[in-house]
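A.B. asks: Going down the list, the protein sequences come from chains A and B.
The first sequence begins at 995 in our numbering and counts up one residue at a time.
The second sequence begins at 995 in our numbering and counts up one residue at a time.
C-beta atoms are modelled at their ideal positions from N, C-alpha and C, and glycine is treated no differently.
Note that the structure is predicted; figures quoted are calculated from it, not measured.
I have a structure I would like to understand better, so I am pasting it below and will then ask my questions one at a time.
There are 2 protein chains.
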Amino acid sequence: MSFYDQLKFNQDGLIPAIIQEQSSGRVLMMAWMNRAAIEKTVASRKTHFWSRSRQKFWIKGETSGHTQTVKDISFDCDGDTLLIQVEQIGAACHEGYHSCFFRSVDESGTDHQVTEPRLATPEQIYKNK
Amino acid sequence: MSFYDQLKFNQDGLIPAIIQEQSSGRVLMMAWMNRAAIEKTVASRKTHFWSRSRQKFWIKGETSGHTQTVKDISFDCDGDTLLIQVEQIGAACHEGYHSCFFRSVDESGTDHQVTEPRLATPEQIYKNK
């Protein structure tokens, strides 16, 4: 059975894709793919997503140069989530952090704190683009 | 500003929560939380989710005993995804695998293969429950 036949897309034809850095195990980001974005990702080995707000495809790093080379694509028991192992060039987060998950809930349980250094400002990331 | 004020819930009042095993870095599963499920998770240090199909709360491991103790709760730059670090007791997947992501796309790019051993059958996991 085809891999694609195992997947359950939502009512908008989308499936969430968790992006994990293979070398470090860090979860870098989560974004959405439709079937065509998965096919482009499989074929090119670069992550392609579907922007729900802009209603168009986007390639991670197309503006910043911070691309993701795909090392493995797995999917869960329900077929409704993808987990993609990548090699990340530069910062994954458009705010200049290595991972988009750079803030954690603090001990109070209601407030939060930043948990990693900022590698660059958004202006630095996009200055030549 | 409260942690909760940073979060963007979808039109159903839900936010996806990626569950990662802190000790191994393995991504175990993804499930959905509403605000009350997050509050229960923060207060009890056990993962609570909202079942979209059953329209009720569920606690990971409430039937199987395979609970998840929360070690860290982070959220992404857009505030629309949670990443929760846990200590996992037993298998996270109801199909008896350590992680729900036990299948990967193979070299053909269209078929898939199982990538980890099955630790137990569903019957074994739920036999006394």
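Would you mind sorting Ser1058(A) into buried or exposed? The rule is 16 or more other CB atoms within 10 Å of its CB.
C.D. replies: As a first step, residue 1058(A) is located in the first sequence; it is residue number 64 there, counting from the start. Looking at its Cβ environment, which holds 16 or more other Cβ atoms inside 10 Å, Ser1058(A) is buried.
A.B. asks: Taking Arg1097(A) as the query, report the chain B residues whose CB atoms sit under 7 angstroms from its CB, ordered along the chain.
C.D. replies: On the first sequence, position 103 is the one that residue 1097(A) refers to. By Cβ distance, chain B contributes Ser1068 and Phe1069.
A.B. asks: DSSP on Arg1097(A), reduced to helix/strand/coil?
C.D. replies: Stepping through the first sequence from its first residue, residue 1097(A) is reached at position 103. The answer is strand: DSSP assigns Arg1097(A) an E or B state.
A.B. asks: Am I right that Ile1012(A) and Met1024(B) are in contact with their C-beta atoms under 8 angstroms? What's the rounded C-beta distance?
C.D. replies: Here residue 1012(A) refers to the residue found at position 18 of the first sequence. Here residue 1024(B) refers to the residue found at position 30 of the second sequence. 7 angstroms between Cβ atoms; contact.
A.B. asks: At the level of alpha carbons, what is the spacing between Val1080(A) and Arg1039(A)?
C.D. replies: Within the first sequence, numbered from 1, the residue matching residue 1080(A) stands at position 86. Within the first sequence, numbered from 1, the residue matching residue 1039(A) stands at position 45. Whole-angstrom Cα-Cα distance: 9 angstroms.
A.B. asks: Is any beta-carbon of chain B found at less than 8 angstroms from that of Ile1013(A)?
C.D. replies: Counted from its first residue, the first sequence places residue 1013(A) at position 19. No, no contact with chain B.
A.B. asks: What alpha helix (DSSP H) runs, 4 residues minimum, are completely inside the segment 1029-1116 of chain A?
C.D. replies: As far as the segment 1029-1116 of chain A is concerned, its whole alpha helix (DSSP H) runs of at least 4 residues are 1029-1038.
A.B. asks: Please report whether the beta-carbon of Leu1113(B) lies at a distance below 8 angstroms from any beta-carbon of chain A.
C.D. replies: Walking along the second sequence from the start, residue 1113(B) turns up at place 119. For Leu1113(B), the answer is no, since every Cβ of chain A falls outside 8 angstroms of its Cβ.
A.B. asks: Could you give the first and the last residue of the continuous beta strand (DSSP E) run that contains Gln1000(B)?
C.D. replies: Here residue 1000(B) refers to the residue found at position 6 of the second sequence. Careful: Gln1000(B) lies outside any beta strand (DSSP E) and carries neither H nor E.
A.B. asks: Once DSSP output is grouped into helix, strand and coil, what is the label at Gln1014(B)?
C.D. replies: Residue mapping note: residue 1014(B) aligns to position 20 of the second sequence, counting from 1. Reduced to three states, the DSSP call for Gln1014(B) is strand.
A.B. asks: Nearest to Cys1087(A) by alpha carbon, out of Asp1105(A), His1106(A), Asp1066(A) and Thr1115(A)?
C.D. replies: Along the first sequence, one-based indexing puts residue 1087(A) at 93. That would be Thr1115(A), whose Cα lies nearest to the Cα of Cys1087(A).
A.B. asks: Using a C-beta cutoff of 8 angstroms, does Phe1043(B) count as contacting chain A?
C.D. replies: Within the second sequence, numbered from 1, the residue matching residue 1043(B) stands at position 49. Chain A contact via Cβ: absent.
A.B. asks: Using the Cβ count rule (16 or more neighbours within 10 Å means buried), how would you classify Tyr1120(A)?
C.D. replies: Taking the first sequence and counting its residues from 1, one reaches residue 1120(A) at position 126. Answer is exposed; the Cβ neighbour count stays below 16.
A.B. asks: Output yes if chain A places a C-beta closer than 8 angstroms to the C-beta of Ser1047(B); else output no.
C.D. replies: One-based indexing of the second sequence puts residue 1047(B) at position 53. Ser1047(B) does not count as touching chain A.
A.B. asks: Going by the beta-carbon positions, is the gap between Arg1028(A) and Gly1007(A) smaller than 8 angstroms?
C.D. replies: By 1-based counting over the first sequence, the position of residue 1028(A) is 34. By 1-based counting over the first sequence, the position of residue 1007(A) is 13. Note that residue 1028(A) corresponds to Asn in the displayed sequence, not to Arg. Going by C-beta atoms, Asn1028(A) is nearer than 8 angstroms to Gly1007(A).
A.B. asks: For Leu1001(A), collect the residues of the same chain with a Cβ closer than 7 angstroms to its Cβ; drop the 5 residues on either side in sequence, then sort them by chain order.
C.D. replies: On the first sequence, residue 1001(A) is found 7 positions in, with the first residue counted as 1. Answer for Leu1001(A): Ile1009, Phe1069 and Gly1073, listed in chain order.
A.B. asks: List, in order along the chain, the chain A residues whose C-beta lies closer than 8 angstroms to that of Leu1077(B)?
C.D. replies: Mapped onto the second sequence, residue 1077(B) falls at position 83. Result: Val1021 and Phe1095.
A.B. asks: Can you list, in chain order, the residues of its chain with a C-beta nearer than 8 angstroms to that of Asp1100(A)? Leave out the 5 residues immediately preceding and following it.
C.D. replies: As a first step, residue 1100(A) must be located in the first sequence, where it is residue number 106. So the list reads His1106 and Gln1107, once near-sequence residues are dropped.
A.B. asks: Does the beta-carbon distance from Leu1076(A) to Gly1090(A) come in below 8 angstroms?
C.D. replies: Locating residue 1076(A) in the first sequence gives position 82, counting from the first residue. Locating residue 1090(A) in the first sequence gives position 96, counting from the first residue. The answer is no: Cβ separation not under 8 angstroms.
A.B. asks: For the beta strand (DSSP E) holding Leu1008(A), just list the boundary residues, first then last.
C.D. replies: The residue labelled residue 1008(A) in the question sits at position 14 within the first sequence. That residue, Leu1008(A), is in no beta strand (DSSP E); it is neither H nor E in DSSP.
A.B. asks: How about Ile1078(B) and Thr1041(B): are their beta carbons less than 8 angstroms apart?
C.D. replies: Translated into positions along the second sequence, residue 1078(B) becomes position 84. Translated into positions along the second sequence, residue 1041(B) becomes position 47. Against a cut-off of 8 angstroms, the Cβ pair of Thr1041(B) and Ile1078(B) comes out as a contact.
A.B. asks: Going along chain A in order, which residues have a C-beta closer than 7 angstroms to the C-beta of Lys996(B)?
C.D. replies: Within the second sequence, the letter at position 2 stands for residue 996(B). Reading the sequence as shown, one finds Ser at residue 996(B) and not Lys. Simply Thr1104 and Asp1105.
A.B. asks: Please report the straight-line C-alpha distance between Ser1017(A) and Gln1062(B), rounded to a whole angstrom.
C.D. replies: Taking the first residue of the first sequence as position 1, residue 1017(A) is located at position 23. Taking the first residue of the second sequence as position 1, residue 1062(B) is located at position 68. Cα-Cα distance, rounded: 25 angstroms.
A.B. asks: Less than 8 angstroms between the CB atoms is what I'm expecting for Phe997(A) and Thr1104(B), so what's the real figure, rounded?
C.D. replies: The residue you call residue 997(A) lines up with position 3 of the first sequence. The residue you call residue 1104(B) lines up with position 110 of the second sequence. Confirmed, about 6 angstroms.
A.B. asks: Could you tell me whether the Cβ of Glu1081(B) comes closer than 8 angstroms to any Cβ of chain A?
C.D. replies: Locating residue 1081(B) in the second sequence gives position 87, where the first residue counts as 1. No, because no Cβ of chain A sits closer than 8 angstroms to the Cβ of Glu1081(B).
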